[in-house]
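Asker: After the structure tokens below, expect a handful of questions from me.
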Amino acid sequence: MRADEPRWPGPEMDAPAPTPVPAPLPVPPRGPEPHAGGGAPQGAKAAKGTKGAAKAAPAAKPAKKGRSKVVLLGGAVIGLVAVAYGAGLLLNHSDVPKGTTVLGVDISGSRDEAVAKLQRAFGNRAAAPLQLDVAGKQVELKPEKAGLTLDAQTTVRNAAGSDYNPVTVIGSLLGNERVADPVMPKDDEKLQVALQELGASVGTATEGTIKFEPNKAVAVPGKAGTTLDVDASADLVYKAFRDMVATGKAPVAELPVTTKEPVIGQEELDRAMKDFATPAMSSNAIVKAGGKSVPFGPKLSLPKILSMTAVDGHLVEKYDLEALKELYGNTFDGVLITRGTGEKTAVTPQDVAGALGKALRGKTVAERTVVIDTNPS
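For the sequence shown, the numbering used here assigns the number 256 to the initial residue and increments by one for each residue that follows.
As structure tokens, then:
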């Protein structure tokens, strides 16, 4: 076909191009639509028709109501406990809390009241002589001499103070006891000395010593025999004391004995005679203080106040302070000694004994006269 020939529509002719249609935009995924006016979502509405879902909804309401009752009940219990606790603290404001007992005796109240209650209940018991048996011999031992006491002050001090434990505070309202332990200390040194003296009085063993008789000193050798087992007896005596305080009575404590050889032999006796005993009884010893003086003679005075005792295998002099004070009487009344603290106090038997010990070792009249320094530097 020529270019100038007209074109007719027909199968051989090109059809006009179709108008392009834009591709659809992607639609974002949709979540559950909010329901207006309190209506349920469509999914929920669909599920509502099922029998299982219909039963689940009403079942949740009774469970919630039950939990509320438990919570209310628990709150009420806690409230009651808090009120009881507060009341207990309010009523229990004394030094020693209400319901506090010692050996079954109520000591609650102020500290002074508590101490007084302890003294009334246990004072006589703590002072009662202990009944002891040593090798078949019945003897007594005073607790005070043996260093055994009931310390009421410390007992009360330990029991005093508020107890904020809720169980204890509320329990006191219900009459529960708050048990405090009694404090019963022992002086081991005093107990040992007391038992040694007791053993010497009842045992058959004797220790070497020196006796002071008018105008002379006499060496006395010791001998073997039985004596009180001091170490093994200490705990038994302490237990007897605790039983006496706790119950008001205690069985006779049988104390063990042992065989003993004398510690002081002839060599130590000879040394003590030479160094102290013989010079001591040689003549008068004079003690002065504040211009006043007292003579102590070997015929009457010294035998009353002098003795010797074994200490660590050696004999040392011992002074009877009561007898010494009786001998010098009121001679040194008004004489004051300035102590190391600067305080001025009266002359004591210990002061006189210290001076006398120096005088007894002297050989001349001057050496056997000792002046108590009333103003030591």
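Where a beta carbon is used, it is the ideal one built from N, C-alpha and C, also for glycine.
#1: Taking contact to mean 3 or more Cβ pairs, one atom from each stretch, closer than 8 Å, check whether the region 533-544 and the region 430-439 are in contact.
#2: Ignore the nearest five residues each way along the sequence and tell me which others in Gly294's own chain have a CB closer than 7 Å to its CB.
#3: Grab me the residues of Thr624's own chain with a C-beta within less than 6 Å of its C-beta, minus the 5 sequence neighbours each way, in chain order.
#4: How about Ala608 and Tyr574: are their beta carbons less than 8 Å apart?
#5: Given a threshold of 16 other Cβ atoms within 10 Å of its Cβ, counted over all protein chains shown, does Pro352 qualify as buried or as exposed?
#6: Output the distance between the C-alpha atoms of Thr629 and Phe531, rounded to the nearest integer angstrom.
#7: Check Lys303 in the structure and name its three-state DSSP category.
#8: Figure out for me which residue from Val448, Arg594, Val590, Ala501 has the closest Cα to the Cα of Thr356.
#9: Using DSSP with H/G/I as helix, E/B as strand and the rest coil, what is Val626?
#10: Output the boundary residues of the alpha helix (DSSP H) element that contains Ser488.
#11: Please confirm whether Gly463 and Leu524 have their CB atoms less than 8 Å apart.
#12: Quick one: what's Pro550 bridged to in DSSP?
#13: What's the gap between the Cα of Ala460 and the Cα of Ala621?
#14: Assuming Glu509 is part of the alpha helix (DSSP H), what are its boundary residues?
#15: Determine the extent of the beta strand (DSSP E) in which Glu572 is found, giving its start and end residues.
#16: Starting from Ala382, trace the alpha helix (DSSP H) in both directions and tell me its first and last residue.
#17: On the DSSP bridge assignment, give the partners of Gln386 in chain order.
#18: Under DSSP, the alpha helix (DSSP H) around Thr409 begins and ends at which residues?
#19: In chain order, what residues of the same chain lie with their CB nearer than 8 Å to the CB of Asp486, ignoring the 5 residues before and after it?
#20: Considering only the beta carbon of each residue, do Gly545 and Phe587 sit closer than 8 Å?
Answerer: With the given structure in hand:
#1: no
#2: Only weak support is given to the placement of Gly294: the predicted model assigns it a pLDDT of 44, under 50, and the value that follows is read from those uncertain coordinates. So no residue of the chain qualifies.
#3: So the qualifying residues of the chain are Ile541.
#4: yes
#5: buried
#6: Computed Cα separation, rounded: 26 Å.
#7: Note on Lys303: pLDDT 45, under 50, position unreliable in the model; the coordinate value appears next. Correct three-state label for Lys303: helix.
#8: Ala501
#9: strand
#10: Ser488 -> alpha helix (DSSP H) spans 485-502.
#11: yes
#12: Ile541
#13: Whole-angstrom Cα-Cα distance: 42 Å.
#14: Per DSSP, Glu509 belongs to no alpha helix (DSSP H); it is in the beta strand (DSSP E), 508-510.
#15: 569-574
#16: Element bounds for Ala382: 366-382.
#17: Glu395
#18: 407-414
#19: A distance below 8 Å between beta-carbons, with the five flanking residues on each side excluded, links Asp486 to no residue of its chain.
#20: yes
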